[in-house]
Each structure stands twice: as structure tokens, then as C-alpha cells.
DNA sequence: CCTGCGAAGATTGTCAACAATCCTCACAGT
DNA sequence: ACTGTGAGGATTGTTGACAATCTTCGCAGG
């Protein structure tokens, strides 16, 4: 065993640990939109003083998941209809661009696009499996995973990081709004169209498939608000 | 004078004030990439205790402008060549999407696209003025302003916020790297092509103009690193 | 009854002190 | 000369106490 087989060790900061847990609580609904985040209570729950808790909060404020009202407290962000629309606008922008990057990369290196297309087809297959099992929650997770795979396949860490933030808020919305029932087969099919457009290096079809799919997903999500 | 003419008052938090100043210091080079940010020193300079200073730092860490190494300190982010390339990849993604959103909005509401095209032409004119005055620094500012105008005209606050982060880092790079001399007239011309494509509702020309321009700008910026 | 004021309680904002960690240097041992 | 150990200094991490702010409620006065 050589020295090169050891990894640098890196302990996550207290604030980082807290941030991660709070982000998940926000994402999955245990901290509902509009909830006040009490420093004293949360610090006690995490077993730390208020200092590191406040530091974690500042990260979440900067990330946009928490709204700070000085001297009055911190609140989990609420997304109104316009903001949800804008969230999907931003997702569409990132995801179409990532698809086009995948196709572009394939011009010089067809293996790259082939690998991405494979990953996306696998993601569709996973969705199909969940759809047949009738497990809507897992189908929804697999759906989101498809989109994350699309962005990850672009080769842009920056776009990936930007997308992660959008996906946190997407999950927030899905948890809070519980979009209406949807035909699972249609859902899977829309994703297959995206994977196919990439397989065929068809830029225009890709953009159309992503945009159409995102519009449909948004309409489903927002309809109950009307 | 009626009560409705008064605005809600909102005092910015101490951490927010500090964050803003530090961000500018990072953007414009007084805090150079790689610099260690000493809590004791900075807190003294801002006239506060280390607590609020640490809170501001956490915001910058989350924003990606500062790198935290627990127990060793906080450092202004350094961007290597790959990261600069990725930064421009992300900018290209956002800016092409915003251009397309402008054109899309014009389908229903031609005044929207007309107004955006006017703003962009004005931004080009401002660039032209600076180019003729031979003021390269102001030309660079006007150039960035064109891009900010493009994104702002999309009507997506979310994309705008995302773009602001990218522009902070762009300014960091421009400050730190001092890209090579460039023909000002070429610079202005490239931006006019973008404005023109939007005026003519030409999606494909827009995408081509933005991508071509961003590739050129990136090459100019990166060449001295080679 | 309505309005204004002050007090109390809850919570957030900040501070200074102490704890913990890391790095560097000097000294001792081989 | 090289290596290991311990001390000191610098800096970051955390805590608890106090200050500041906001909200609510009770009481007094008109």
C-alpha cells in the first residue's frame, strides 16, 4: 500500500454540517415555507451555541432558501406563482444549454455524447420501472434524477452547481404543492424524447423537447394555485 | 401627501453591509485571489466584533467567492483556467437563454423586444463612445453593462440574480488577469451583432453571435495564461 | 370606548473571553 | 546532520452574557 492511496482528510465545519441538515429539512418539507427558524430552539436541537447556528443561517440566506428580516427573525422562503415560473425558466435555460453542450462535445468526441445518452436512457428506464410499480414518489425522484444526469453530463461543474440550487427549490415546491396526478407513461415518454434528441445530435429537437416538458411540468405544478 | 407615498423602511444587517464591501473588494482587486482574510484584522477595520464579520464571510463562502479551510482560515477564491472556461460556459448559457427569452416574449408583445433592442443599442452606443475616447477601462465596464442589460431585459429575476454572481467573478478575472489589448471597434461590433439579432427576432443568429463573442472574449482572457 | 404609554417577555445582534487548532522554531537525542 | 518533541505564537471556533429590538398586554387618561 503506497502513500498515494490515502486521501487528504477534510472535516466539514460545524456551520457546514448544520447548513446541510437545514437545507434537507427545507427541501423535504419538515421546515415548511414561511416557518420561522428560531435560533435558540435550533441551536439547542443541534447541540451547539447560537454562533455556529447563525453562521449556517447566513449560508442559507445567501443561497436564497431563507429570508432574513433583521431583528425579527429568519424565515424559510416562500415561493409565489411568479417565482415558481421563474424557477422553471431558469431550469429550462440551464437544462437546454447543458443538452446543447453535450451535443456540441460529441462533435469532437462522439463517445462523450454516447455515454451521456446511455446515462439518460438508463435514467428513463429507472423512471419506467417506478411508473410500472406505481410508486409516484420514487417516480418523481427518478424524474429529478434524469434532469440532474442531463446537467451532470454537460461537463460543466459550474452549471451543475447552479442547477443544484434550482433543484433544492424544485423539491421544495414539489413537497409543498404536491402537483396533480399525471399519467406516468406520458411522464416517462417526455424524458425519452429528450434522451433521443441527444442520441441523434438533434439540437432543435432537444431544445423543443426540454422546453415542452418543462412547460408541462410547470403547468401541472401551478394549476392547483389558480 | 398621502400615507401611500412612504416606503417600507429596511435597515440592512451588519453582515449584509460587510458582505457588500468585501464583495467589491474581491471584484475590483483590492482583495486579490488567494489572499487570506484575517478575521481579527478585518473586524477591526470594520469596527465590529468577529461575530458579524464571520457571518458575512459565510455568505461569501456560500456565494463561492471565498474558500473556507476550517481551522486554517478563509481565502479569496482563485480561478484556474478550467474554472474560467467554465465561468464563461455558464455565462454563455445564461445569456443565450436570456436573448431567446427576449425574442420569445416579442411573439406576444412586440413592444417588449423593441424596448430590449433599444436598450441594447444604447449600450452599444455607450461602448462606441468609450472606444472612440480610448478609455479602455470604461469600455470594459460598458461591455459588461451590455451583458447585464441583455440579462435584465429577459424579464427573469432569477436568471438575473444568477448572472450577477457570474459577473462578480468575471470582474475578478478581468481585474486579476488584465486581458490582452483588443481592437475596440471589433469589440463594439460583436455586441452590435447581438443587438441586431434580437431586433430581427433571429434566434439562430442570436445564439451564434453570443457564443462567438463569448468564445472570443474567453480566448483573449486566457491566452496570457498559456 | 378609544388612545397612548410603559412594562414585560421573547427573540435577535453583538461582544469578549476561553477553547481548539495549526504552524513555526528551538532544543535535545541519535 | 537529521529527526523528533515540546513550547510559543497566531489564528480560528465556540460559548455565554449582555445589549438591542420588537411585539404584546395592561393600565391610565380623555
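Residue numbers (the working numbering), protein chains in the order written: chain A, 75 to 300; chain B, 75 to 300. Heads up, the beta-carbon is just placed ideally off N, CA and C, and yes, glycines get one too.
Proximity test, Cβ basis, 7 angstroms: residue i and chain A
{"i": "residue 279 of chain B", "result": "no"}
{"i": "residue 75 of chain B", "result": "Residue confidence is low: residue 75 of chain B scores 43 on pLDDT, short of 50, so the model does not pin down where it sits. No coordinate-derived value is stated."}
{"i": "residue 136 of chain B", "result": "yes"}
{"i": "residue 158 of chain B", "result": "no"}
{"i": "residue 184 of chain B", "result": "no"}
{"i": "residue 292 of chain B", "result": "no"}
{"i": "residue 227 of chain B", "result": "no"}
{"i": "residue 104 of chain B", "result": "no"}
{"i": "residue 233 of chain B", "result": "yes"}
{"i": "residue 144 of chain B", "result": "yes"}
Cutoff 7 angstroms: residue i Cβ touching any chain B Cβ
{"i": "residue 107 of chain A", "result": "no"}
{"i": "residue 163 of chain A", "result": "yes"}
{"i": "residue 215 of chain A", "result": "no"}
{"i": "residue 167 of chain A", "result": "yes"}
{"i": "residue 210 of chain A", "result": "no"}
{"i": "residue 127 of chain A", "result": "no"}
{"i": "residue 124 of chain A", "result": "no"}
{"i": "residue 132 of chain A", "result": "yes"}
{"i": "residue 286 of chain A", "result": "no"}
{"i": "residue 112 of chain A", "result": "no"}
Range covered by the beta strand (DSSP E) that runs through residue i
{"i": "residue 149 of chain B", "result": "147-150"}
For residue i, the first and last residue of its enclosing alpha helix (DSSP H)
{"i": "residue 281 of chain A", "result": "277-296"}
{"i": "residue 95 of chain B", "result": "88-101"}
{"i": "residue 231 of chain B", "result": "231-251"}
Residues bridged to residue i (per DSSP)
{"i": "residue 261 of chain B", "result": "The partner list for residue 261 of chain B (beta bridge, DSSP) is empty, contrary to what the question assumes."}
{"i": "residue 224 of chain B", "result": "According to DSSP, which records beta bridges pairwise, residue 224 of chain B is partnered with nothing at all."}
{"i": "residue 111 of chain B", "result": "B:148"}
If we require 3 or more residues per run, which beta strand (DSSP E) segments fall completely within the segment 168-203 of chain A?
none
Residue ranges of each beta strand (DSSP E) within the segment 120-144 of chain A, 3 or longer:
140-143
Taking three-plus beta-carbon pairs below 8 angstroms as touching, is the segment 274-284 of chain B in contact with the segment 142-149 of chain B?
no
Pairs of beta-carbons, one from the segment 190-197 of chain B and one from the segment 222-242 of chain B, closer than 8 angstroms: are there three or more?
yes
Would you check if the segment 154-171 of chain A and the segment 280-289 of chain A touch, i.e. whether three or more CB-CB distances between them fall below 8 angstroms?
yes
Taking one C-beta from the segment 180-194 of chain B and one from the segment 114-132 of chain A each time, how about it: are there three or more such pairs within less than 8 angstroms?
no
For the structure I just gave you, are there three or more beta carbon pairs, one from the segment 186-195 of chain B and one from the segment 204-214 of chain B, closer than 8 angstroms?
no
Per the contact definition of three or more C-beta pairs closer than 8 angstroms, is the segment 263-272 of chain B in contact with the segment 241-253 of chain B?
no
Any 3 or more C-beta pairs closer than 8 angstroms across the segment 131-140 of chain A and the segment 209-220 of chain A
no
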